[in-house]
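Here's the structure, in structure tokens; my notes come after.
Protein chains: 2
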Amino acid sequence: MPIRVPRKPRDAYQHGDLRHALIQAGLKLLAEGGAGELSLRAAAELAGVSHAAPYRHFKDKNALLAAIAEEGFRQLTARIRQEMASCAGADLMVRLRAASVGYVLFAVENPASFRLVFGGSLEKAEVPPSLNQAGTEAYHTLRDLIVEGLSAGRLRAGDPDTLSLSAWSLVHGLANLVIDGMVEPGLAADEERVRAITTAVSDLLGQGLLAPKKNEHRFDANRPPGTS
Amino acid sequence: MPIRVPRKPRDAYQHGDLRHALIQAGLKLLAEGGAGELSLRAAAELAGVSHAAPYRHFKDKNALLAAIAEEGFRQLTARIRQEMASCAGADLMVRLRAASVGYVLFAVENPASFRLVFGGSLEKAEVPPSLNQAGTEAYHTLRDLIVEGLSAGRLRAGDPDTLSLSAWSLVHGLANLVIDGMVEPGLAADEERVRAITTAVSDLLGQGLLAPKKNEHRFDANRPPGTS
DNA sequence: CCTACCGATCGGTAGG
DNA sequence: CCTACCGATCGGTAGG
Chain D
1 MPIRVPRKPR
11 DAYQHGDLRH
21 ALIQAGLKLL
31 AEGGAGELSL
41 RAAAELAGVS
51 HAAPYRHFKD
61 KNALLAAIAE
71 EGFRQLTARI
81 RQEMASCAGA
91 DLMVRLRAAS
101 VGYVLFAVEN
111 PASFRLVFGG
121 SLEKAEVPPS
131 LNQAGTEAYH
141 TLRDLIVEGL
151 SAGRLRAGDP
161 DTLSLSAWSL
171 VHGLANLVID
181 GMVEPGLAAD
191 EERVRAITTA
201 VSDLLGQGLL
211 APKKNEHRFD
221 ANRPPGTS
Chain X
1001 MPIRVPRKPR
1011 DAYQHGDLRH
1021 ALIQAGLKLL
1031 AEGGAGELSL
1041 RAAAELAGVS
1051 HAAPYRHFKD
1061 KNALLAAIAE
1071 EGFRQLTARI
1081 RQEMASCAGA
1091 DLMVRLRAAS
1101 VGYVLFAVEN
1111 PASFRLVFGG
1121 SLEKAEVPPS
1131 LNQAGTEAYH
1141 TLRDLIVEGL
1151 SAGRLRAGDP
1161 DTLSLSAWSL
1171 VHGLANLVID
1181 GMVEPGLAAD
1191 EERVRAITTA
1201 VSDLLGQGLL
1211 APKKNEHRFD
1221 ANRPPGTS
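Order-wise, the sequence lines are chains D and X. Residues in the first sequence are numbered from 1 upward in steps of one, following this note's numbering. Residues in the second sequence are numbered from 1001 upward in steps of one, following this note's numbering.
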């Protein structure tokens, strides 16, 4: 019986894992070079195939970007959950703080992925449902905390999505400002400092989210000042 | 007498205003097409000169981008001040709200400029001091409000920059989420809805920023060092 | 400030 | 999944 000669490495993806390999290659290009390094051709080369091969698995470049963004969303969700796992069962505000830290640290650790996931690189109206689903799941890591706080009466009454959007906006803005170097020079390289700042900022919003105690009079938007 | 033939439009910039024209062209390209439409060549064409002409005024593409971003920062500052002017003398929280609305509306009205100003398109370590200065001025529209509130004892005691960073993060995150279509489909086209959402979100953080009344016991976070 | 030119990169397709 | 090719665009430079 003749020994079967193994296929060349180039053929290793004929069984369907080239798609996965291209996504991983894309993430690696983002991690090592940034958004400018991510092209169909570069991903193909990194995966060890010709630059025409990706078209067997993706309709066009946008489809590949969407798949990479989807994986990025999943990694973001996982990073948030990882941080929350370290304080499971703790007070709601402590867990909200952990979720915030996880969100910002993911951005710091994967700035290019973070930008791809949210940035306008993808042709809108061409986002597949699975990408929207991955984004919704990441959003719900924050929203679930808010809903829990509302159910328990810990939080100021209000539309869950308005409260969630506030928390999301806060961490999303902080994450962007940090990775764009707008806060402090070199901050992105100092994880402990990022944790400290994120905690402080998250707790400030937390104070605004908490339900007021009885007899507490705070700012009322529709009341002239000095008439409380 | 022969009538003097006017110079061709191409020569209109020989007296030094090509620099300005190129910046305006860049802003126009961003406004009409997005970041992908902004190239040295496109800006030159829109300004009516050859694609080699810009090098008389800008060392390279990055220098042009920096100049455009600088103008974008100034427009952002102006937009915030415009919104605040409509409620000059009003309560601090009302003015903070107006500043937030101005910030988010600028992003909605100029998404590509907004992304250029903050995004990583510019080679860092090559940002001219004037760009940093323009950014600092925009930041101070928010920070000045915080400092005023601290001086008046209206706000929770704390580091002015931590409080300011919270407010900045909130509006920056909301602005990004809106222009990236992550909040509601079509939201960016509905100015009144953007105003309403921004107001609601801003007021929530405002509650957290306000100084607690006496006898008020709220969640006490044991803050990590360095964030006072 | 212009014309002409350079090398490089890109997304995509033909045809096998 | 490959090779070969396409048109297009880009930043930048030479030389005037």
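Don't be surprised by glycine CBs; every beta carbon is placed ideally from N, CA and C. Fair warning: this is a prediction, and the values are worked out from it, not measured in the lab.
- Flagged as an interface residue toward chain X: D:T162, by a C-beta distance shorter than 8 Å.
- Three or more beta-carbon pairs drawn from the stretch 1102 to 1122 of chain X and the stretch 177 to 189 of chain D are found closer than 8 Å, and the two stretches are therefore classed as touching.
- For X:A1088, there are no neighbours in chain D by C-beta distance under 7 Å, as the nearest C-beta there is about 14 Å away.
- Close to chain D, meaning a Cβ-Cβ distance shorter than 7 Å, are the following residues of the stretch 1090 to 1107 of chain X: D1091, M1093.
- For D:D190, the number of other beta carbons within 10 angstroms of its own is below 16, and it is reported as exposed.
- For D:Q133, the closest of D:A69, D:D17, D:G208 by C-alpha to C-alpha distance is D:A69.
- Taking CB atoms only, D:Q82 has no neighbour in chain X less than 8 Å away.
- Contact between the stretch 1185 to 1200 of chain X and the stretch 194 to 213 of chain D is absent: fewer than three C-beta pairs spanning the two stretches fall below 8 Å.
- Taking 8 Å as the cut-off, the beta carbon of X:G1072 is found no closer than this to the beta carbon of X:S1100.
- For the pair X:L1038 and X:P1054, the CB atoms are not nearer than the 8 Å cut-off.
- Here X:E1123 is exposed, its C-beta having fewer than 16 other C-beta atoms within 10 Å.
- Residue pairing for D:L210: DSSP places it in a beta bridge opposite D:L155.
- Shown here, D:V183 sits in coil according to DSSP, grouped into three states, outside any helix or strand.
- Leaving aside the five residues that flank X:I1080 on each side, the residues in its chain whose CB is nearer than 6 Å to its CB run, in chain order, A1099, G1102, Y1103, T1141.
- Taken in chain order, the unbroken stretches of alpha helix (DSSP H) that lie wholly in the stretch 95 to 167 of chain D and span 4 residues or more are 111 to 118, 129 to 151.
- When rounded, the separation of the alpha-carbon atoms in D:A47 and D:A188 is 30 Å.
- Membership of X:L1046 in the alpha helix (DSSP H) is indicated by the continuous run 1040 to 1047.
- Between D:L163 and X:L1210, the gap from beta carbon to beta carbon reaches 8 Å or more.
- In this structure, X:V1049 lies near X:L1018, with their beta-carbon atoms less than 8 Å apart.
- An exposed status is given to X:H1051, since fewer than 16 other beta-carbon atoms sit within 10 Å of its beta-carbon.
- For D:A200, at least one C-beta of chain X is nearer than 8 Å to its own C-beta.
- Separation of D:F106 and D:P129 (C-alpha to C-alpha, rounded to the nearest whole angstrom) is 23 Å.
- Less than 8 Å divides the Cβ of X:S1202 from the Cβ of X:R1097.
- Chain D places no beta carbon closer than 8 Å to that of X:Q1133, leaving this residue out of the contacts.
- 8 Å or more divides the Cβ of D:A63 from the Cβ of D:L131.
- At least 8 Å separates the CB of D:H140 from every CB of chain X.
- Residues G1206 of the same chain have their beta carbon placed closer than 6 Å to that of X:M1093, with the five preceding and five following residues left out of the count.
- Assignment of D:D203 by DSSP, reduced to helix, strand and coil, places it in the helix class.
- At a cut-off of 8 Å between beta carbons, D:G173 contacts chain X.
- Within 10 angstroms of the beta-carbon of D:P185 lie fewer than 16 other beta-carbons, which makes it exposed.
- Straight across, the Cα-Cα distance linking X:G1089 with X:V1171 is about 22 Å.
- When 8 Å is used as the limit between beta carbons, D:V183 is near these residues of chain X: L1165, in chain order.
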